[in-house]
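One structure below.
Number of protein chains: 2
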Amino acid sequence: MYIVILAGGSGTRFWPLSRKSTPKQLMSVFGGKSMLQRTVERVLPLQPKRVMVVTNALQAAETRSQLEYIKGVPVDVIEEPVGRNTAPAIALAASIIARFDPDGIMAVLPADHYIVDEERFRDTLSKARTVAESGKLVTLGITPTRPETGYGYIEAESDRGAEAAPVLRFVEKPPLERALEFLATGRFYWNSGMFVWGACTILDQIGRFMPELSSALAKLSFERDVWELTDLKPQIEEIYGGIKGESIDFGVMEKAQDVQVIPASFGWSDVGSWSALPEVMEADQDGHVVINAQGSVSVASDGCLAYGAGKMVAFVGVKDLIVVDTPDALLVCAKSAAQDVKKVVEELERRGKSDLL
Amino acid sequence: MYIVILAGGSGTRFWPLSRKSTPKQLMSVFGGKSMLQRTVERVLPLQPKRVMVVTNALQAAETRSQLEYIKGVPVDVIEEPVGRNTAPAIALAASIIARFDPDGIMAVLPADHYIVDEERFRDTLSKARTVAESGKLVTLGITPTRPETGYGYIEAESDRGAEAAPVLRFVEKPPLERALEFLATGRFYWNSGMFVWGACTILDQIGRFMPELSSALAKLSFERDVWELTDLKPQIEEIYGGIKGESIDFGVMEKAQDVQVIPASFGWSDVGSWSALPEVMEADQDGHVVINAQGSVSVASDGCLAYGAGKMVAFVGVKDLIVVDTPDALLVCAKSAAQDVKKVVEELERRGKSDLL
């Protein structure tokens, strides 16, 4: 199996820790290794043929540097000159795989998701590969644990437990009432953005539903018979100049027949904002998650997240706050407003504060 | 008039900005000059005979260094070997003044109070001096502007407007209901801890109500006829070894006859905790008070105070918070819980974290 990691996100919702040149996937959100490094290490026991990381020019150098230490599996870093959402990135990776290995199966994984049970995650991927080998498009559907309104949902035709089931439809982020209804049916899953399919299978579907993208990528020519991608850089730049941005969900998945969902329950979060961290990290005895700090003191406080810039953090009479301290910026945010951190970034852009972006 | 400034406070409620060696009065709470420097500068136009600053050994060097720039008025820094509350400090200063200037009038001022209208403050002090010259003990009573439960109150015999009035009694910090009653009478004032009296007058009263303190200080002997206080250091150390701590309020004021209150309305705060700063400093257009920061961004937030360690501060969805960022500690506190900051200091003491104290 080939592992294709989508690593082009800009991660403004993790400001001030994430910046343009160090978005979420390159950050050590949890302390220690970056999310990208964790994503790569997580699949190594599957012994993939290759790991292909698709990223953008601004982050390519840091991405390469972060993955230099990976041994035993070849790692390709593929640079997109501009971000064009997921469909072009996936189509590009699929085109390369199909050229050298027409029967190749690829797993598409975002670089910035959090997974609790890695063994179970790999088992799910293996199971998905088996289904993909029969020519299906497979999406990993996370068994929902709460009526989350921040995720898209996938409805399966039937509730088959842990087995693959045909997909009925994809549903955008629902209001709470609908999310509750979804959970009650037992047929809905969170759309994780993780997919497994044959490279030729997805290229075939892209040819059907995204003909412009398909013909743009058909121009890709390989001069050599060995896997050598640096040659492709000028071609990729030219191709990207003429294609539109589109997600694989909208471009293919919502339209294709024969999409299968594999129920997954390995503990998952897309870590979409600071408020997701307390959901996946264990709180200390005072009920706070404190990262990168010299200890903490809590007086009549709980439920806070602090990213502490290596200093002591003291909470007094506060609940459910996010505090992120960096050398040049300090964020104080209500957990419930974590999605609005991107508005700070927008405001800083308006003010031309490029040193803080 | 002699100005006696009580500067021995430890200011744990302004942690982490205030530390044992730099308590509130030595801090630049408002940016720029320290509260002690502001207190001294505020009285200079009155052309006092001397400014006497009573402090403790730990803070003496910094106190001297901060006041070196004061010209035109002699400044004494008197070191107490240990803090013994206000009565001994006042008795010590009064003993020195009485020795060289038996008719000397002294104004006792805390080093860490905030005053809005300095001209009016000086007018009030001058008025108080006139009353003190007739042998009265004078206390400045702040005309209350709200039913504050964090201050002690003084009840006057009658409501005489801006004139001095005899004091009926001193009242400890009241619950809200009582504070509201106090305000309704028009005869109650906030106890500011600022006093004006003849040095011999207060020594006489101390002799009556605090005979132990009085006889301990009677041992003070002056070898020379010139004002030279460094000679006194070993004597003060010996005297302090044998005296008890007591406030002048409890030791004398609550018992003495003939105490007069001068109503004062120059805009005052004892700056007792971080939450007092927003009361006396003007908020920015977003409703926050931001000190020592590289600007701020506010999204759906208001009423916060940030002491920013020279960095950009961003508020998202938060109200009425206090955030204080220093190189080794970060405080996040609800305004309403500002009094509990001292509990953090207590906890750090328990843990033996002396580097943070």
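Sequences listed follow chains R and S, in order. Quick note on numbering: this note's numbering labels position 154 of the first sequence as 154, and the sequence is numbered without any gaps. Basically this note's numbering = 1-based index in the second sequence + 357. Just so you know, even glycine gets a beta-carbon here, dropped at the ideal spot from N, CA and C.
Out of curiosity, what's the CA-to-CA distance linking residue i and residue j?
i	j	result
residue 72 (chain R)	residue 23 (chain R)	27 Å
residue 159 (chain R)	residue 208 (chain R)	29 Å
residue 246 (chain R)	residue 688 (chain S)	44 Å
residue 411 (chain S)	residue 334 (chain R)	44 Å
residue 39 (chain R)	residue 69 (chain R)	14 Å
residue 407 (chain S)	residue 699 (chain S)	34 Å
residue 554 (chain S)	residue 490 (chain S)	7 Å
residue 483 (chain S)	residue 303 (chain R)	53 Å
residue 509 (chain S)	residue 321 (chain R)	34 Å
residue 252 (chain R)	residue 175 (chain R)	25 Å
residue 387 (chain S)	residue 155 (chain R)	59 Å
residue 84 (chain R)	residue 263 (chain R)	29 Å
residue 380 (chain R)	residue 284 (chain R)	Residue numbering for chain R in the displayed model covers 1 to 357; residue 380 (chain R) lies beyond these limits and cannot be assessed.
residue 169 (chain R)	residue 240 (chain R)	30 Å
residue 697 (chain S)	residue 704 (chain S)	11 Å
residue 75 (chain R)	residue 116 (chain R)	24 Å
residue 244 (chain R)	residue 202 (chain R)	18 Å
residue 34 (chain R)	residue 100 (chain R)	30 Å
residue 488 (chain S)	residue 521 (chain S)	8 Å
residue 184 (chain R)	residue 193 (chain R)	23 Å
residue 350 (chain R)	residue 128 (chain R)	45 Å
residue 667 (chain S)	residue 528 (chain S)	42 Å
residue 635 (chain S)	residue 385 (chain S)	15 Å
residue 218 (chain R)	residue 56 (chain R)	21 Å
residue 345 (chain R)	residue 258 (chain R)	41 Å
residue 538 (chain S)	residue 500 (chain S)	14 Å
residue 460 (chain S)	residue 389 (chain S)	37 Å
residue 254 (chain R)	residue 82 (chain R)	25 Å
residue 589 (chain S)	residue 567 (chain S)	22 Å
Going by the beta-carbon positions, is the gap between residue i and residue j smaller than 8 Å?
i	j	result
residue 443 (chain S)	residue 434 (chain S)	no
residue 312 (chain R)	residue 685 (chain S)	yes
residue 16 (chain R)	residue 299 (chain R)	no
residue 377 (chain S)	residue 713 (chain S)	no
residue 13 (chain R)	residue 272 (chain R)	yes
residue 536 (chain S)	residue 502 (chain S)	no
residue 97 (chain R)	residue 216 (chain R)	no
residue 514 (chain S)	residue 523 (chain S)	yes
residue 613 (chain S)	residue 651 (chain S)	no
residue 296 (chain R)	residue 338 (chain R)	no
residue 261 (chain R)	residue 141 (chain R)	yes
So residue i and residue j are in contact, right, with Cβ under 8 Å, and what is the actual spacing, rounded?
i	j	result
residue 403 (chain S)	residue 358 (chain S)	6 Å
residue 445 (chain S)	residue 586 (chain S)	Their Cβ separation, rounded to whole angstroms, is 16 Å, which puts residue 445 (chain S) and residue 586 (chain S) out of contact at 8 Å.
residue 693 (chain S)	residue 672 (chain S)	The Cβ separation is near 17 Å, so there is no contact.
residue 393 (chain S)	residue 423 (chain S)	6 Å
residue 79 (chain R)	residue 60 (chain R)	5 Å
Can you check DSSP and say which residues form a bridge with residue i?
i	result
residue 141 (chain R)	R:191, R:263
residue 631 (chain S)	Residue 631 (chain S) is not bridged to any residue.
residue 56 (chain R)	R:80
residue 710 (chain S)	None; residue 710 (chain S) has no bridge partner.
residue 671 (chain S)	R:331, S:654
residue 114 (chain R)	R:269
residue 128 (chain R)	Residue 128 (chain R) is not bridged to any residue.
residue 222 (chain R)	Residue 222 (chain R) pairs with nothing; no bridge assigned.
residue 107 (chain R)	R:3, R:196
residue 323 (chain R)	R:306, R:332
residue 379 (chain S)	S:376
residue 450 (chain S)	DSSP, once it has assigned bridges, lists no residue as partnering residue 450 (chain S).
Quiz prompt | Validate contact between the segment 180 to 199 of chain R and the segment 214 to 222 of chain R using beta carbons, cut 8 Å, 3 pairs | solution = no
Quiz item: Looking at C-beta atoms only, is the number of pairs between the segment 109 to 124 of chain R and the segment 2 to 16 of chain R that lie closer than 8 Å three or more?
Solution: yes
Self-check item: contact_flag[the segment 273 to 292 of chain R, the segment 132 to 143 of chain R] where n(CB pairs < 8 Å) is 3 or more
Solution: Look at the beta carbons and you see the segment 273 to 292 of chain R not touching the segment 132 to 143 of chain R: under three pairs across the two are nearer than 8 Å.
Practice problem: Check whether the segment 113 to 132 of chain R touches the segment 261 to 272 of chain R, taking contact to mean three or more Cβ pairs, one atom from each stretch, closer than 8 Å. | Solution: yes
Quiz item: Is there contact here, the segment 86 to 98 of chain R with the segment 235 to 245 of chain R, by at least three beta-carbon pairs under 8 Å?
Solution: yes
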